[in-house]
Structure formats: structure tokens, C-alpha cells
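The block underneath contains the structure these notes are about, expressed in C-alpha cells.
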Amino acid sequence: MFSPFFENVVNHQLDELNQSQKEAVSYKGGPLLVLAGAGSGKTRVLTHRAAWFITSKQASPEELLLLTFTNKAAEEMRNRLQIILDNSRLSKSKEYISRAFAGTFHSFGAYVLRREGGRIGITNSFVIFDEDDQKALVKEIMGELGLSEKKFSITTIIAVIEGAKSNLIDSTLFAESVRNPWEETIGKVYQLYDKKMLSMSALDFADLLFWTVKLFRDHKETLEKYQDKFRYILVDEYQDTNRSQYILTKLLAGKHRNLTVVGDAAQAIYSWRGADYHNLISLKDDFKDLKIINLDINYRSTQTILDAAYCVISKNELHPVLHLTGQKGQGEKAVVIEADSEVDEAELIAEEIKTMVDFSGQDPTKIAILYRTNAQSRAIEEVFIRRGLPYVLVGGVRFYDRAEVKNVLAMIRVYHNNKDMVSWQRIEKNLGKRRKEKIRIFCGDSKNKRLKVKELIERILASSDYLAKFDSHKEEDARRLENIKELLSVAEHFSELDEFLENVALVQQEYSVQEKEKKHWEHEAVKLMTLHSSKGLEFDIVFLVGLEEGLLPHSQNLEEMEKLEEERRLCYVGMTRAKKKLYLTYARRRLFFGRTTFNDPSRFLQDIEQNLLDKKESIGDWSFSDPSDDW
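1861 is the number that this note's numbering gives the last residue of the sequence shown; the numbers go up by one with no jumps.
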């Protein structure tokens, strides 16, 4: 029984929660899965539950282990925990709260291995390799094995090794299970990579979890030590865990079974980096007494937005879906805009935003434009620059500043002006001497003088073999390839090379001017970002652009049900970022990747009930205000 004081503290803490949140926070059983829909207060519940363990005298802070995926999220959990305890009239110092471990999976792995790694041959002075370190080591190994970088991409090799480690497959097991000569070669690299890493007392980020799991599996007494130390385990965003993270939490919770995980399969959009929402489902098998509580009250969006998003996500069959009830009223219908082209789409968005800001007083910083691929930002950026409308790219680099775009432009510039030594230096540094020589030969071929700009770019890409640097099956490389192809869309508009380069230079100059003036206009800037980057954010107004078959859903993910369902989840995440108003746009024709396509409207649009939509149509002749006007 609690003393009257602590009983009052606990009741005060629960007062501000809804019924489902209270049930989740104060659940006294064993393992708990909280299925938390978008905007339902999942992090609030997780931190309140951690505080509840303390205020109800079930646990001291040092017995709590709170795990998440980013340092920023971990810091937010610590701050929220402090605020909750302050508001619960049980104020404690930050030193007291810091005794709880709130951090990322990787920081926890490092914490354990620094103290216990010697049991499996890992010194406590190990260094952690970043991506550049990994690339340098793999490059060295490939040289020793006589492997060509043209045939074996360094980034692909690293991705395969990291994928194996995330699935707890060591280099020996990998080598024993290869199915073809390519995998056999990767296996040899993996074995040498591991050997060299251990000899240098170095670990990469995947190692931090791989070796921690191995330690716990091989040394039961060490596992039991940490099971007793961290008796209460709370994990955020559980749908984003990979195999090693799942096994780690399962092992830690195996003795006391005080596991609380919060997640939403409908927001699982990171399979390309190893996340597996099936971990939410697997919990039922590994913890037979698992309690499941649904958080289906949304505090972010209007009911119309939630209903439209549900129309899309409810078509998924492979995971549970919550139908959310909003607390913000019915709200306006979602606006569907059919544009004539990608430029018309960007112009219409710009004008719609300008009207909101000028005549409705809308704060432009609370407006977001979301798109499926990075390459889509190019048309929007150029329209915003031309119209003098401030924007900020979130989690990305502006189109003409992207490394792969700058590399292609360097090739074109040396063709146009053989004395451009800065571009020649960039080519040698980023493409290598062999490709530099191929480009030099191409520039001296008089037959290329008759080529149109787009054909010239295509021909120089083929001659330099630049595209061979990228593996289209790897997410990051696929994005880079899309950006290069989008540069072809720009080239399509120009018949003369000097005009093309002049246009690029003018846009780059605007970038420079904007950057210098950034402190003056950042408080007025609209946010541009990919759908992946938008997760966890919210905005008053959201424009979800490019809702066309082949774009969203993406053409690469149309055939497999698992991939198509992730595309649907990605659309759902984008829609549920909107608090007040949602725009859904598509173009009848789109110059994309250098080709004009005529795509059908996205199936996701067709899933939405008509009574939730307000449709507008562009005929390509919108009347705009003076482009020189600013807000």
C-alpha cells in the first residue's frame, strides 16, 4: 500500500491522461505492448510509465532502461521524465533522474561492452568506426583480394555486412550459407573485415549490438547481472527495431518480464535499413502473457484527415491498423489538386501557400511540402526561388548542391570549357584518374559537338562509366541515381549547353544569396522534405505531392505485397503529419528522370472516400501575382 502522500502523487500524475493512456501507464502485469496510433501520445505514455514506476515506489531510477533510436529522442525522454516528476510534486534533481539509462540501442551496447567486453575478447578501449572508416577498411581489403570496385561496390559490401550483423549472422555462418560466387566473395571480405576490426580493437555500429547479444548468449551470468540491474525495460518506436535489437530486449526482459514497448505497425517505413515491424507481432509468441493496449485517440489532426488516412492504410492486410478518433473537430475536406505538369504543380502550391500567408495569416514555418523522392524537390525549389518564396530543405541537401549532381555538372563544365581546372580537380577527386581520362577523351571527340544537351549528358555518363559507382538496389544509391536522372529533366528544356549551364549557375547563385540571408528569412520558410524525413513531425498544413502510380507508390515496389504495403504506410505517415489541412496533388504529365510520363493518379487517392475530398483542377494557365513579390 502507498502512503497517502505517494497515493496523491500517483493520482496527480494520471489525472492528465485519457483512459487508455492511464491503463497503459499504470499496468501492473508483465510484458506490455502499447499499439499507439499517430498523434496518440505514445512518447508521453512511455515517459509517464517510467515516472509511474518511480512514483509508485516499484523501481528506483537506476533500475529503468529506456531505449530509442536517436540521441535527440533519448534526450527528449529524459527531459519529459524530469518534467513529469516535477509536476507530480516529487521534484528530484537532474542527477537523480540521470541514474535511469535513457539512450539509443547503440549507446547501451557500447555501455555494456566497455564494462564486460573482455569476456569475449573486446577491450574496453575499443574505438567505434564511422562510415568513412568502414569504407577505407573495405577498400583496403578489396585491394588485398584483387577485387574491382566496378564489380563490387564498397557501399553495397558494407550494407551486406551490416545486414548480416543486424540479423546476428557472423562471418563464419555467412560464408557457410553463400548461394552464389558473388556472395562467396562478399563472405571473404566479411571474414577479413572482422579479423582486421578485432586486431585494431575497433567496432562498427552494428557490432555494438551484435557483440552485446553474443555476450549475453554466451555468458548467462553477465546477462543475469544486467537483467537484475535493469528490471524495467521501456522501448519506443518498436516497429523500427531490427533482429538484433529485438533479441537484445527479449534477453534483457527474460527474467523479470517487465517489458513495455510502444509502436505502430502502420508507421513502419524503414525496412530498407533493417527495421522489421513483424517484431511487434512476434512479441505475442515470445511473451504468452503479453498485454496489448490500443491508443486510438489522436490529439493532432482533424477527423477528416484521420478518416482519409484510414481509407488508405486500412487496405493493408499484413499488420494491425487502428481507426483513430480525433479531438480537433471534423475540419476541412482534404484538397485534391490535379495539375497539368510538375511545374504547374509547383506553381500552384506556391500560389496556394502565398495566399494563405498573405490573406489568412498562416505561419509559413508550419507548412510542409512532402514528396516520395529527393529528386522531386528540384521543380519545387526552382519555382520557389523564381518567386522569391523562402524555403528550407529538412534532412536533405538542395538539388544542385547534391554531390552526385555536382559531379555530373563538373563533367559537363569541362566539356564546355576544357580550362576549368576546379571541375577537373573535382572529377579526379570524386571519380578517380581512370574516369578522368575517359572524360578527357570524350571531350576531344568532335562528334559530340552535335549532341543536344540531354543527349550530351547521357553520352558522357556512358563514356565515363560514372553510373557504375552506384548500386540501384541500395536505397541511398537509388536516390543518387534518381537525382542524376532528374538533371536530365532540366536538360530537356535547353537546346544549347551554355544556356543550360547559365541556368544552373543562376539557381546556384540564388542558393548562395539565400544562405547568406538565412538568418533574416528562416522564420518565414516553408519546410520541404521527403516522406521518410517527415516521420515524427507535425505541421498545420501539409502538401503531399506527386500522388501518381509509379511515384507514390514507387514503381520499384508495385509487385511485392510487403513493399506495396510499406508504400501505403509511407503515404499514411505523410497524411497524418497534417493538423489542420491536407493537400494531395498529382500531375497529368510529369517530366521526370528526363522523360515525360503520363501516369494514372495513385491508387491511394482512389482509396479515399469521395465525401472527404474537395477536388480542384489546373488547366495550366493559372493567374499568378508578381513573382517578385515576397511575403
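For every residue, glycine included, the Cβ atom is placed at its ideal position computed from N, Cα and C.
Just to confirm before moving on: does the CB-CB distance between residue i and residue j stay below 7 Å?
i, j, result
"Ser1765", "Val1734", "Sequence inspection shows Lys at residue 1765; the Ser mentioned does not correspond to that position. Against a cut-off of 7 Å, the Cβ pair of Val1734 and Lys1765 comes out as no contact."
"Ile1599", "Phe1773", "yes"
"Phe1440", "Lys1480", "no"
"Ala1366", "Lys1704", "no"
"Thr1634", "Asn1713", "Looking at the sequence provided, one finds Glu at residue 1634 rather than Thr. Taking 7 Å as the Cβ cut-off, Glu1634 and Asn1713 qualify as a contacting pair."
"Glu1346", "Leu1445", "yes"
"Ala1864", "Glu1582", "Only positions 1231 to 1861 of the chain appear in this structure, which leaves residue 1864 out of reach."
"Leu1767", "Arg1807", "yes"
"Glu1467", "Ala1605", "no"
"Met1307", "Ala1332", "yes"
"Lys1509", "Arg1798", "As written in the sequence, residue 1509 is Asn, which differs from the Lys given in the question. No, the Cβ-Cβ distance between Asn1509 and Arg1798 is not below 7 Å."
"Asp1830", "Glu1789", "no"
"Leu1403", "Ser1474", "no"
"Leu1295", "Asn1524", "no"
"Ile1387", "Ile1416", "yes"
"Gly1556", "Thr1595", "no"
Can you tell me whether residue i is buried or exposed? The criterion is at least 16 other CB atoms within 10 Å of its CB, across all chains shown.
i, result
"Met1791", "exposed"
"Asn1472", "buried"
"His1336", "buried"
"Leu1871", "Lying outside 1231 to 1861, the shown extent of the chain, residue 1871 is not represented and no answer is given."
"Arg1530", "buried"
"Phe1730", "buried"
"Lys1679", "exposed"
"Ala1692", "exposed"
"Thr1826", "exposed"
"Arg1664", "exposed"
"Asp1844", "exposed"
"Ile1671", "exposed"
"Val1652", "exposed"
"Pro1234", "Bear in mind that a pLDDT of 46 at Pro1234, under 50, signals an unreliable position, so the model cannot answer this."
"Leu1311", "buried"
"Thr1442", "buried"
"Pro1411", "exposed"
"Ile1771", "buried"
"Gly1625", "exposed"
"Gln1251", "buried"
Here's a check: name, in chain order, each residue in its chain whose Cβ is nearer than 7 Å to the Cβ of residue i, leaving out the five neighbours to either side.
i, result
"Thr1534", "Gln1560, Gly1561, Glu1562, Lys1563, Ala1564 and Leu1842"
"Lys1684", "Leu1718, Ala1721, Glu1722 and Gly1824"
"Ser1256", "Leu1244 and Trp1282"
"Leu1247", "Val1255 and His1278"
"Asp1707", "Thr1385, Phe1700 and Asp1701"
"Gly1504", "Gly1393, Ser1396 and Asn1472"
"Ser1501", "Glu1796"
"Ala1580", "Val1613, Phe1614, Arg1617 and Leu1619"
"His1486", "Gln1457 and Arg1461"
Whose C-beta lies closer than 8 Å to the C-beta of residue i among residues of the same chain, with five residues either side of it excluded?
i, result
"Arg1602", "Thr1760, Leu1761, Gly1776, Leu1781, Leu1782, His1784 and Leu1800"
"Arg1835", "Per the sequence shown, the amino acid found at residue 1835 is Leu instead of Arg. Counting only Cβ-Cβ distances below 8 Å, and skipping sequence neighbours, we find Val1566, Leu1777, Leu1814 and Tyr1816."
"Asn1648", "Cys1673"
Closest to residue i by C-alpha separation, out of the options, would be which residue?
i, options, result
"Gln1840", "Ile1313, Val1542, Ser1290 and Ala1268", "Val1542"
"Lys1369", "Val1419, Phe1335, Val1342 and Ser1355", "Val1419"
"Tyr1644", "Tyr1529, Gly1626 and Ser1694", "Note that residue 1644 corresponds to Val in the displayed sequence, not to Tyr. Here the closest residue by C-alpha is Ser1694."
"Leu1375", "Gln1421, Glu1754 and Ala1808", "Gln1421"
"Lys1380", "Asp1830, Arg1632 and Leu1697", "Leu1697"
"Leu1438", "Glu1392, Phe1404, Glu1414 and Val1408", "Glu1392"
"Ile1597", "Cys1673, Phe1834 and Val1756", "Val1756"
"Gln1592", "Tyr1507, Lys1810, Leu1464 and Gly1556", "Lys1810"
"Leu1727", "Gln1288, Glu1414, Ile1687 and Thr1815", "Ile1687"
"Val1573", "Ala1496, Ile1350 and Ser1607", "Ser1607"
"His1549", "Tyr1507, Leu1788 and Thr1402", "Tyr1507"
Grab me the residues of residue i's own chain with a C-beta within less than 6 Å of its C-beta, minus the 5 sequence neighbours each way, in chain order.
i, result
"Phe1517", "Pro1261"
"Ser1323", "Reliability of the predicted coordinates at Ser1323 is poor, the pLDDT of 49 falling under 50, and the value obtained from them is presented with this limitation in mind. Counting only Cβ-Cβ distances below 6 Å, and skipping sequence neighbours, we find nothing."
"Ile1838", "Ala1538 and Cys1541"
"Met1641", "Ile1669 and Ile1690"
"Lys1303", "Residue identity differs from the one stated: residue 1303 is Ala in this sequence, not Lys. Nothing meets the Cβ criterion."
"Leu1554", "Gly1267, Asp1526, Asn1528 and Leu1536"
"Thr1353", "Ser1431"
"Ala1483", "Ile1463 and Leu1489"
"Asn1522", "Reading off the sequence shown, one finds Ile at residue 1522, where the question assumed Asn. Hits under 6 Å: Leu1263."
"Leu1276", "Leu1464, Asp1466 and Val1492"
Counting Cβ pairs closer than 8 Å, one from the segment 1298-1311 and one from the segment 1248-1264, do we hit at least three?
Contact fails between the segment 1298-1311 and the segment 1248-1264, because fewer than three Cβ pairs, one in each stretch, are under 8 Å apart.
Taking one C-beta from the segment 1444-1460 and one from the segment 1491-1499 each time, how about it: are there three or more such pairs within less than 8 Å?
The segment 1444-1460 is not in contact with the segment 1491-1499.
Stretch pair the segment 1339-1347 + the segment 1423-1438: three plus CB contacts closer than 8 Å
Contact between the segment 1339-1347 and the segment 1423-1438 is present, because at least three Cβ pairs lie under 8 Å.
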